[in-house]
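Working notes, beginning with the structure itself.
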Amino acid sequence: MAKDYYQILGVNKDANSEEIKKAYHQLAHKHHPDKGGDEARFKEVNEAYRTLSDKNKRAQYDQFGQVFENTGNTNQGGFNWQGSGQDFDFDFGNLGDVFEEFFGFGNQSRRKSSRTGKSIEVAIQVSLEEILRSQEKEITIEKLARCQHCQGSGGEPDSQVKECFTCRGAGQVQQLKRTILGSFSSYVTCPECKGDGKKPEKPCNVCKGEGRIKNKETIKIFIPAGVDQNQLIKIEGAGEQGKRGSRAGDLYIRVFLKDHSIFERRGDDLLMKLFLNFSQMATGDNVEITDLAGKKFILKIPAGSEPKKMLRLSGKGIPHFQGYGEGDLYIELELKVPKKLTRKQRELLEQLRQENL
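Read left to right, the sequence shown gives residues 12 to 368 (our numbering).
Structural data, given as structure tokens:
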């Protein structure tokens with residue numbers, strides 16, 4: 012049975028991309044397995060978001076309704092029709108491969124995309140204190156970068172880039188195949204220019220005609236305030252350089268948060284434990300504590316507080332990611348039981364025990 016992705020994310024069918032993204036982040040926080048959430052529900056939320064956040068997939072989903080299923084299997088480009096107790100799979104994507112193989116359709120776009128540089132993913136660790144405000148960091152990565160000697164052209168500076176003699180600029184050459192069904196003419200990537208359709212007269216001595224070389228590069232990345240565990244930040248065009256001046260891939264920064272000795276993050280809220288003596292919890296007290304930003308303030312402990320009681324400080328949590336406001340700080344009261352007692356302390360406690368305290 013097809014799933015209602017709008018219902019899964021809890022949004023209306025006319026919800027815009029920002030509303031869908033916000034609903035996804037809230038549910039992903041809630042159901043993340045690392046935070047004790049439901050793994051099956053987490054996967055369902057991710058599946059719904061992958062469809063509704065993609066303009067084309069969402070249009071297909073809205074058009075076909077219960078018929079369209081974005082299951083992530085190999086049946087991409089087709090759809091599943093359910094009716095009369097039978098399932099019929101139509102895979103139009105494979106038909107394209109057949110026409111490409113025998114008639115060369117679609118090879119032009121595939122040749123262009125193959126020149127684009129690869130995208131890169133790197134991981135960084137940040138502390139809870141660091142995500143209280145937006146900041147810039149520098150990272151150094153090794154990647155295929157533009158060749159400075161030829162400026163990405165693939166040819167020596169004094170040489171010209173001319174049309175490939177073999178394919179006449181098409182990037183493809185015709186090939187005759189003999190099969191049991193007869194002979195078929197197909198088009199394959201030109202072996203001389205590797206599909207570019209052009210070739211430098213003198214290949215670059217540094218990059219050997221690729222237009223790119225392995226190099227270390229230091230990149231400044233922007234870390235928004237409130238970024239969460241396992242979140243991806245995309246930097247367009249900062250990935251590996253494509254061949255001979257073609258478009259570079261993208262750089263993805265995956266963020267991991269360091270564990271904190273005092274504070275625990277729960278969504279955009281923070282939780283800390285405060286250990287108190289019995290006398291402080293019974294009679295009340297004013298206790299100095301320090302928040303995540305390092306600011307000290309006085310916390311009033313109500314008389315008669317019990318262990319596990321929660322006190323909330325509004326706006327002392329994590330800033331909302333790409334939004335306004337902050338989460339809250341929750342302080343869980345814990346009873347501190349001394350391991351060793353002085354003689355006087357033991358006598359006083361004995362007196363309290365006699366008073367049923």
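Beta carbons are placed, not taken as given, at the ideal position from N, Cα and C, and that holds for glycine.
For P330, the beta-bridge partners assigned by DSSP are E337. Within a 10 Å sphere around the beta-carbon of R323 sit fewer than 16 other beta-carbons, which makes this residue exposed. With respect to the 8 Å criterion, R258 and G163 are not classified as neighbours on the basis of their beta carbons. Three or more Cβ pairs closer than 8 Å define a contact, and the segment 193 to 213 falls short of that threshold against the segment 289 to 308. Taken through DSSP and simplified to helix, strand or coil, R258 comes out as coil.
If you draw a 10 Å sphere on the C-beta of D15, you find fewer than 16 other C-beta atoms in it, and that means exposed. Distance check between H160 and each of G182, S196 and C218 places C218 closest, using alpha-carbon atoms only.
By the 16-neighbour rule on beta-carbons within 10 angstroms, V238 is buried. Cβ-Cβ separation between K231 and E153: approximately 17 Å, too far for a contact (criterion under 8 Å).
Non-local beta-carbon contacts of H43 in its own chain, meaning distances under 7 Å to residues more than five positions away in sequence, involve F53 in chain order. When Cβ pairs closer than 8 Å are counted between the two stretches, the segment 335 to 353 is seen to touch the segment 277 to 296, the count reaching three or more.
Close CB contacts of S145 within its chain, under the 8 Å cut and outside five residues either way in sequence, are with F233, I234, P235 and A236 (chain order). Residue environment: R69 is assigned as buried (16 or more neighbouring CB atoms within 10 Å of its CB, all protein chains considered).
Residue burial is scored here from C-beta neighbours: G315 has fewer than 16 other C-beta atoms within 10 angstroms and is therefore classed as exposed. DSSP lists T229 as the beta-bridge partner residues of T151. Of the residues assessed, I135 falls on the exposed side of the cut-off, its CB having fewer than 16 other CB atoms within 10 angstroms. The C-beta of Q252 has 16 or more other C-beta atoms within 10 Å across all chains shown, which makes the residue buried. Residue environment analysis places E358 among the exposed positions, since fewer than 16 neighbouring C-beta atoms fall within 10 angstroms of its C-beta. Under the 10 Å beta carbon count, A34 is surrounded by 16 or more other beta carbons and is classified as buried. Separation of the CB atoms of E140 and L303 is rounded to 6 Å, and the pair is thereby assigned contact status at 8 Å. Annotation for S194: L187 and K188 place their beta carbon closer than 8 Å to its own, counting only its chain and skipping 5 residues before and after. Taken through DSSP and simplified to helix, strand or coil, I342 comes out as strand. Distance check between C175 and each of N297, P202 and V56 places P202 closest, using alpha-carbon atoms only. The residues G326, G328 and P330, in chain order, have a CB closer than 6 Å to that of E337 in the same chain once the five nearest residues on each side in sequence are set aside. Rounded to the nearest angstrom, the gap between the Cα atoms of K351 and P313 is 27 Å.
Judged by DSSP in its simplified three-state form, Q252 adopts coil rather than helix or strand. The DSSP-derived three-state label of K319 is coil. Here G48 has K41 and H42 as same chain residues with Cβ atoms under 7 Å from its own Cβ, once five neighbours each way along the sequence are excluded.
Judged by DSSP in its simplified three-state form, T294 adopts helix.
Within the same chain, Cβ atoms closer than 6 Å to the Cβ of D279 are found at G328, I329, H331 and G338, the five residues on either side in sequence being excluded. For the segment 122 to 187, not one full-length alpha helix (DSSP H) segment reaches 4 residues or more. Judged by DSSP secondary structure, L20 falls within the alpha helix (DSSP H) whose first and last residues are Y16 to L20. Where K32 is concerned, the enclosing alpha helix (DSSP H) starts and stops at S28 to H42. In the DSSP assignment, F195 forms a beta bridge with K188.
Per DSSP, the unbroken alpha helix (DSSP H) holding F53 starts and ends at E50 to L63.
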